[in-house]
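Worksheet: the structure to be examined is printed underneath.
In our numbering, the protein residues as written are 11 to 224.
Here it is in structure tokens:
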């Protein structure tokens, strides 16, 4: 997905510079995330303009905070329903349990770690549990600042290696992503068709496994 984003709308986002990072942050931290796209664009922009890497780190952080707040607001408004539309009931209960136990750190750690660590479910839970906005922004902002600051610095430091990699492996990466996307789409279609034919929910809620165990 991150490579697909850069190959399709990447040039347009690059021309927008820091604003492009804010716009992409709205999507990357939303309920329809694009894992790794913000990381990749932050590094590419910083590699293009080495001296501006702090600026791109700041803009990426702002984008991450704004996008995260939108998802937080969704949870604040819709509560548990917003989360249970995205994950099974069993996973939702686990996320609620983690958040109630760790609070601040259950936002900070996922915001700091790279994909495939999920983040948006924790944003929704924070909103649903009415977690204070002040601490929400501190947790997300601090974690994103560390993450994007490091990535931007690496992009400025190793720009030659980054562009050399993209130049050499552009075609194989693009075709690999396309093939994987097609396979993933077909698999999702088959799974949906199979579950509906059996009269079951498309996303299991954990009851089936407990029934089989019993």
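Virtual Cβ for every residue (Gly too), placed ideally from N, Cα, C. Here the structure is a predicted model, which is why all the values come from computation and not from measurement.
For residue j and residue i, believed in contact at Cβ under 8 Å, the rounded distance
i           : j           : result
residue 66  : residue 162 : 5 Å
residue 135 : residue 93  : 6 Å
Closest Cα partner of residue i within the set the options
i           : options              : result
residue 156 : 55, 29, 69 and 36    : 69
residue 72  : 118, 90, 31 and 140  : 31
residue 91  : 159, 111, 54 and 137 : 137
residue 76  : 166, 160 and 130     : 130
residue 53  : 28, 209, 111 and 37  : 28
residue 121 : 87, 167, 146 and 165 : 146
residue 140 : 56, 102, 84 and 50   : 84
Burial state of residue i (16 or more Cβ within 10 Å)
i           : result
residue 150 : buried
residue 207 : exposed
residue 228 : Missing from the structure shown is residue 228; the chain here goes from 11 to 224 and no further.
residue 126 : exposed
residue 142 : exposed
residue 105 : buried
residue 47  : buried
Residue span of the alpha helix (DSSP H) that contains residue i, given as start and end
i           : result
residue 144 : 143-167
residue 123 : Residue 123 -> no alpha helix (DSSP H), and no H or E assigned at all.
residue 80  : 63-88
residue 56  : 47-58
residue 103 : 99-112
For the structure I just gave you, are there three or more beta carbon pairs, one from the segment 57-65 and one from the segment 101-117, closer than 8 Å? no
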